[in-house]
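Chemist: The structure follows.
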Amino acid sequence: MRTGIMDALFDAGPSRISVLVAPTGYGKTSAVHYSWRELLNKWGRVVHVLPLRALVSNVCSNAVDRGVPINLISYQAMLREIEKHEVRKSPYMFSPYAVTTYDSFLTSMYVAPVAELSHIYAHRDTGLLVAAGGVLLDEVHLVLSIDKVDDTSGEWKKALTSMIFTLEALSFMDRPTVLVTATLSREVLRYLEKELKRKGIEVVLHLCLGERGLRYYSGAVQYTVEHGLDKDYDSLYDKYSRVSLTEVSKEGLEKDVLSALDHSQSVLVFCNTVHRAVDVYKKIKEIVDVPVLLLHARLAEKHREAVLRTVNDLLGNKSFVLISTQCLEAGADLDFDTVVTEVAPPGSLIQRAGRAIRNLRERLEREERRPQVIISISEDSLKSASEVYPAESVKAVLGQLKSGTYFLDWRFGKSGPSFIDLLATVSYSPEIDFNVQLLLKGLLELQFVVEKNIIDILGELDDNMRGSLLKDAALIPLIVEDDVVTVSLDYLNKHQDILELRNGRAVVILDNGERTLNLRSLLQRPLSNLHKLSREGKFLGLKVRESAYSPEVGLP
1 MRTGIMDALF DAGPSRISVL VAPTGYGKTS AVHYSWRELL NKWGRVVHVL PLRALVSNVC
61 SNAVDRGVPI NLISYQAMLR EIEKHEVRKS PYMFSPYAVT TYDSFLTSMY VAPVAELSHI
121 YAHRDTGLLV AAGGVLLDEV HLVLSIDKVD DTSGEWKKAL TSMIFTLEAL SFMDRPTVLV
181 TATLSREVLR YLEKELKRKG IEVVLHLCLG ERGLRYYSGA VQYTVEHGLD KDYDSLYDKY
241 SRVSLTEVSK EGLEKDVLSA LDHSQSVLVF CNTVHRAVDV YKKIKEIVDV PVLLLHARLA
301 EKHREAVLRT VNDLLGNKSF VLISTQCLEA GADLDFDTVV TEVAPPGSLI QRAGRAIRNL
361 RERLEREERR PQVIISISED SLKSASEVYP AESVKAVLGQ LKSGTYFLDW RFGKSGPSFI
421 DLLATVSYSP EIDFNVQLLL KGLLELQFVV EKNIIDILGE LDDNMRGSLL KDAALIPLIV
481 EDDVVTVSLD YLNKHQDILE LRNGRAVVIL DNGERTLNLR SLLQRPLSNL HKLSREGKFL
541 GLKVRESAYS PEVGLP
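Sequential numbering of the sequence shown, starting at 1, is according to UniProt numbering.
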């Protein structure tokens, strides 16, 4: 088990929040699984909170494979089932090791357990039990939308406010809490410490990084433990620095993929948007003679699962190319020979690069000197980055990247050029949204003081937070081919034409039949309208026009 990880986990306690910073692929999640006995003995139970539904399935399956008894594990997320193992679903998350998403965790804590949301007077107090035991807030940099910090009125401020207030609440309830990250900036850490210190909460920073990383974070937090790198992990650096190259290319992605296939069996391509990924997928299919796969968040669950099964079958056995988006940036335990990525802000680039030669010890024994990461700074890639990321973030990264092929340390943070240098390029100015803070405080106080019906609470969330405690807007499930695609309210507002309509009303699928709903009303107050429907039957999703969805490329 890597040096520093257990120290960070066991350091959390009443009014003391532990933050673990370690490189991608360092073994943070595996350490939690291999030490499950010790953690349960110390904490009583573990709630493992993740940013993506896909990660929930992956973490549960890995926990079983690593020896955590399956009867101790449960999950709560909008997943049909955990396919690899029969891990049970638990809407109340009462099991000794509960794995869930941030959305489900916060909904249970502030509103009510997911299973109670359709009731008028839910057992809201049971939602607080979700935080009983130790809470592991994983991949926290993704939750905070660090790469979209210029959206000061939306997701960035809301996510930061929700995170800080939740940390205060967990500390108030004496819950051991650990934040785990690979790319959280020192500015954000300083801000977290400043805000929490006002409430008498201590932040302890545990650093599992090389010398360059330790210098970057020096002084970010008053109480810092510099573990450095585990000796076994550190011993891999010399070989890594000799064979690992990064290529910064002005060519089109298609040429970059062809170049990668000259020396790689498996190539993972990251595009910044879904429509860009679909376009690149179609072009690459025409020019290579190996399987080309497409994976993004607007594919139905069964089609995403089929793609991932194919990927796992092909890895190590046959040449192929996988075109994807941000949905594979974090946590996916997939090991590709080469990653080709469009330019993006530091956090995204670091996560993407971590999908190349992920199993370092095994890989380095047979690796030859070659580009394992190719970053495209072509005109098309710059254009796609501008559609989703702040211009200043991308510009700062471009200032650090020089065209050509050279060594760049993505995995150790030992010396420059390093992923730490990229992380240091962008300055952040964190800021609290006091309206969000007041609403969360009011919701939490209701848990202790007075009973309030769910309808009124959901109405407040609709009116003040666009239906989401964390994201910019609520997520809405869509039904395609007897399966589900979950999209944001903003996407649905822009693509209303994909829905099946009857007399101008959206068709809603319940477990006992179909209903219709005023679409404008749904877009304005999603939670309130869906709650009304849930009293007639279990809400499954909005029906999509048959011609709007393609099993190959998904929704537009």
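Cβ coordinates follow ideal geometry from the N, Cα and C atoms, glycine included.
Since we're looking at a predicted model, the values are computed, not measured.
From what residue to what residue does the beta strand (DSSP E) around GLY134 run?
Modeler: 134-137
Chemist: Roughly how many angstroms separate the alpha carbons of PRO91 and ASN317, rounded to a whole number?
Modeler: 39 Å
Chemist: In the DSSP output, which residue or residues are listed as bridge partners for PHE270?
Modeler: Looking at the DSSP assignment, PHE270 forms a beta bridge with SER324, THR341.
Chemist: Considering only their Cβ atoms, is the gap separating ASP234 from PHE412 smaller than 9 Å?
Modeler: yes
Chemist: Can you list the beta strand (DSSP E) stretches of 3 or more residues lying completely in the region 429-515, in chain order?
Modeler: 475-480, 483-488, 505-510
Chemist: For ILE287, count the other beta carbons within 10 Å of its own beta carbon; 16 or more makes it buried, fewer makes it exposed. Which is it?
Modeler: exposed
Chemist: So, do the region 430-446 and the region 208-226 have three or more beta carbon pairs nearer to each other than 8 Å?
Modeler: no
Chemist: Can you grab the Cα-Cα spacing for the pair CYS271 / LYS383, in whole Å?
Modeler: 11 Å
Chemist: Report yes if the CB atom of ASP421 is closer than 9 Å to the CB atom of LEU527, and no otherwise.
Modeler: no
Chemist: Helix or strand or just coil, what does DSSP make of ALA98?
Modeler: DSSP places ALA98 in strand when its eight states are reduced to three.
Chemist: So GLY554 and VAL484 are supposed to be a Cβ contact under 8 Å. How far apart are they, rounded?
Modeler: Actually they are not in contact, since the Cβ atoms of GLY554 and VAL484 sit about 12 Å apart, beyond 8 Å.
Chemist: Please list the terminal residues of the continuous beta strand (DSSP E) segment that includes THR246.
Modeler: Boundaries of the beta strand (DSSP E) around THR246: 244-249.
Chemist: Tell me PRO371's beta-bridge partners as DSSP assigns them.
Modeler: LEU245, per the DSSP bridge assignment.
Chemist: Just curious, the beta strand (DSSP E) that ARG16 is in, first and last residue?
Modeler: 16-21
Chemist: How far does the alpha helix (DSSP H) with GLY347 in it reach, from first residue to last?
Modeler: 346-353
Chemist: Could you pull the start and end residues of the beta strand (DSSP E) that LEU205 belongs to?
Modeler: 202-207
Chemist: Give me the Cβ distance between VAL426 and ALA396, rounded to the nearest whole Å; I'm assuming they're in contact under 8 Å.
Modeler: 5 Å
Chemist: Please state the DSSP three-state secondary structure of HIS48.
Modeler: strand
Chemist: In this structure, how does DSSP classify LEU179 when only helix, strand and coil are distinguished?
Modeler: DSSP places LEU179 in strand when its eight states are reduced to three.
Chemist: Reducing DSSP to helix, strand and coil, say where ARG88 ends up.
Modeler: strand
Chemist: On the CB-based measure, 16 or more other CB atoms within 10 Å of its CB, does ASN58 come out buried or exposed?
Modeler: Under the 10 Å beta carbon count, ASN58 is surrounded by 16 or more other beta carbons and is classified as buried.
Chemist: Verify whether the separation of the beta carbon atoms of VAL19 and LEU179 is less than 9 Å.
Modeler: yes
Chemist: Please report the straight-line C-alpha distance between HIS48 and TRP36, rounded to a whole angstrom.
Modeler: 12 Å
Chemist: If you drop the 5 nearest sequence neighbours on each side, which residues of the same chain put their C-beta closer than 6 Å to that of ILE350?
Modeler: THR183, PHE419
Chemist: In terms of residues, what are the limits of the alpha helix (DSSP H) holding SER259?
Modeler: 253-261
Chemist: Can you list, in chain order, the residues of its chain whose CB lies under 6 Å from that of VAL149, leaving out five sequence neighbours each side?
Modeler: With a pLDDT of 44 at VAL149, under the threshold of 50, the modelled position of that residue is not reliable, and no figure is offered here.
Chemist: Could you check if TYR549 is buried or exposed, using at least 16 other CB atoms within 10 Å of its CB as the buried criterion?
Modeler: buried
Chemist: Provide the residue(s) that pair with ASP409 in DSSP beta bridges, ordered along the chain.
Modeler: SER418
Chemist: Report the partner residues of GLU286 according to the DSSP bridge assignment.
Modeler: Note: GLU286 sits in no beta bridge, so no partner.
Chemist: Assuming the contact rule is C-beta atoms closer than 8 Å, VAL311 and LEU253 should be a hit. Round their C-beta distance to whole Å, please.
Modeler: 19 Å between Cβ atoms; not a contact.
Chemist: Quick check: what's the CA-CA separation for VAL357 versus LEU522?
Modeler: The amino acid occupying residue 357 in the given sequence is Ile; Val does not appear at that position. So the alpha carbons of these two residues sit roughly 45 Å apart.
Chemist: Which stretch, first to last residue, makes up the beta strand (DSSP E) that contains SER74?
Modeler: DSSP places SER74 in the uninterrupted beta strand (DSSP E) bounded by 73-76.
Chemist: Between which two residues does the alpha helix (DSSP H) carrying TYR216 extend?
Modeler: 211-217
Chemist: Grab me the residues of GLU193's own chain with a C-beta within less than 6 Å of its C-beta, minus the 5 sequence neighbours each way, in chain order.
Modeler: VAL203, VAL221
Chemist: Only counting the same chain, and skipping five residues up and downstream in sequence, which positions put a Cβ closer than 8 Å to that of VAL143?
Modeler: PRO51, TYR102, LEU137, ALA159, MET163, LEU470
Chemist: When the Cα atoms are used, what is the spatial distance from ALA12 to ARG45?
Modeler: 14 Å
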